[in-house]
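When you number the sequence shown by our numbering, it's gap-free, plus one each residue, and the end is 1114.
Working notes, beginning with the structure itself.
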Amino acid sequence: VNLDVTRAAQAHGLYYAPDPSSQTICTIGGNVAFNSGGAHCLKYGMTTNHVLGLKAVLATGEVVQFGGRSREQIGPDEVGLFCGSEGLFGVAYEIALRLLPKAESFHTVLVGYRSLEEAGNAVGVVIDSGLLPGAMEIMDALAIEAAEAAVACGYPKGAEAVLIVELEGAAEKVAVEREKLDAILAETGAFATRVAVDDADRMSIWKGRKSAFSAVGRLSPDFIVQDGVVPRSRLGGALRRIDQMSTETGIRVANVFHAGDGNLHPLILYNGREESSLEAAEALAGRILKMCIGMGGSIT
815 VNLDVTRAAQ
825 AHGLYYAPDP
835 SSQTICTIGG
845 NVAFNSGGAH
855 CLKYGMTTNH
865 VLGLKAVLAT
875 GEVVQFGGRS
885 REQIGPDEVG
895 LFCGSEGLFG
905 VAYEIALRLL
915 PKAESFHTVL
925 VGYRSLEEAG
935 NAVGVVIDSG
945 LLPGAMEIMD
955 ALAIEAAEAA
965 VACGYPKGAE
975 AVLIVELEGA
985 AEKVAVEREK
995 LDAILAETGA
1005 FATRVAVDDA
1015 DRMSIWKGRK
1025 SAFSAVGRLS
1035 PDFIVQDGVV
1045 PRSRLGGALR
1055 RIDQMSTETG
1065 IRVANVFHAG
1075 DGNLHPLILY
1085 NGREESSLEA
1095 AEALAGRILK
1105 MCIGMGGSIT
């Protein structure tokens, strides 16, 4: 399981970067199959960037090895080809992972906004400043409601959206960057700011985000999760349009996603026992994905 690898690495002062929302239950083999990312993919990339080599069984039954344990590889990027193949090429049974030194210092900020669009616009402002946070995540009011009910994460009351930004790295560098980040966020229209005072507080902030997907099940008996991406410069507009489509159709949509790379994960809530509710939810999901493409993004 991904989280087991993360914890084992931490015991040696190391860090495994890919951390999908399903980190507590997803396996490394599954992460390789889908080339999973996570909250920290903005700075560290996807699973493929952290696999040195693997052994796999192909559909023909042939056992093969791609890559190795060295960071220096020659020849075609067979590991990169295999990662994200979703089982089409075969099944990996042994995987050598790339671990990083654990960051010396963290600065984790949770910012509350009165509108989802404001939170989306703040992402572009931070990136345009030249800062490269380890992670940037957004949750809307529905996702916040679900997370609070599940794990009591203490997010600001009355927020239509929260933005989590985390800087990490050498202590001296983080100390300089945090002043710049805090000044930038103060000008983005936020009404509440929470800075993690210690590691326990940092984990509390992240617990709400990590729990959000499963917690949404408290709000609706069924939901559809979609996966699209838009340019960061258009993130605020995309979120405004999703909110408008939700209002037009009367179908609730929860948003919780990796804001740093514009990767949207709208959760369309519905009740499968109600006639035509699934069809209506699927139609809305399709409209959202078409919107992503129309804004210069893609379906991921």
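For every residue, glycine included, the Cβ atom is placed at its ideal position computed from N, Cα and C.
A quick note: this is a predicted structure, and the numbers were derived from the prediction, not measured.
Delimiting residues of the beta strand (DSSP E) encompassing residue i
i	result
Q1058	Note, Q1058: premise wrong, no beta strand (DSSP E); alpha helix (DSSP H) at 1049–1063.
G926	919–927
V976	975–983
A1006	1006–1009
H1072	1067–1072
Residue range of the unbroken alpha helix (DSSP H) whose run includes residue i
i	result
V819	816–824
Y907	Segment 904–911 is the beta strand (DSSP E) holding Y907; no alpha helix (DSSP H) there.
F896	892–896
Simplified DSSP state of residue i, which is helix, strand or coil
i	result
Y1084	strand
F1138	Here the chain has residues from 815 to 1114 only, and residue 1138 is not among them.
E864	In the sequence as presented, Glu is not what sits at residue 864; that position holds His. Here H864 sits in helix by DSSP.
E951	strand
D942	helix
S1025	helix
Y858	helix
N845	helix
G1042	strand
R1101	helix
I958	helix
A831	coil
I1019	helix
K869	strand
I1113	strand
D1013	helix
L995	helix
G852	strand
L914	strand
L1033	coil
Contact under 8 angstroms by Cβ, residue i with residue j
i	j	result
I909	V846	yes
L1083	C1106	no
A975	H854	no
L999	V1070	no
Y907	K869	yes
K1021	C967	yes
G1111	V1044	yes
G904	T862	no
V937	A1073	yes
G1042	L1081	no
P1116	M860	Because the chain in this structure spans residues 815 to 1114, residue 1116 falls outside the shown range and cannot be described.
Q1040	A1099	yes
Cβ neighbours of residue i in the same chain (closer than 7 angstroms, five flanking residues each side left out)
i	result
E1096	I1038
V939	I998, T1002
E991	L945, L981
S1091	Y1084, N1085
E900	A847, F848
Same chain, Cβ closer than 8 angstroms to residue i, neighbours up to 5 away in sequence not counted
i	result
L911	V819, Y830, I842, H864, V865, L866
A985	E918, S919
F896	V846, L868, A870, F880, F903, G904, A906
Own chain partners of residue i with C-beta closer than 6 angstroms, once the 5 adjacent residues on each side are dropped
i	result
G1050	E931, G934, N935
T1007	V925
T838	L817
D840	The sequence shown places Cys at residue 840, not Asp. The answer, listed in chain order, is N816, P834.
H921	L981, V988, R992
Q879	K869
V1009	V923
G1121	In the structure as shown, the chain starts at 815 and stops at 1114, and residue 1121 therefore has no counterpart that could be examined.
#### Entry: the segment 1052–1062 in contact with the segment 1014–1032 per 3-pair CB rule at 8 angstroms
No, they do not touch.
### Segment contact flag, the segment 972–991 with the segment 954–962, C-beta cutoff 8 angstroms, min 3 pairs
yes
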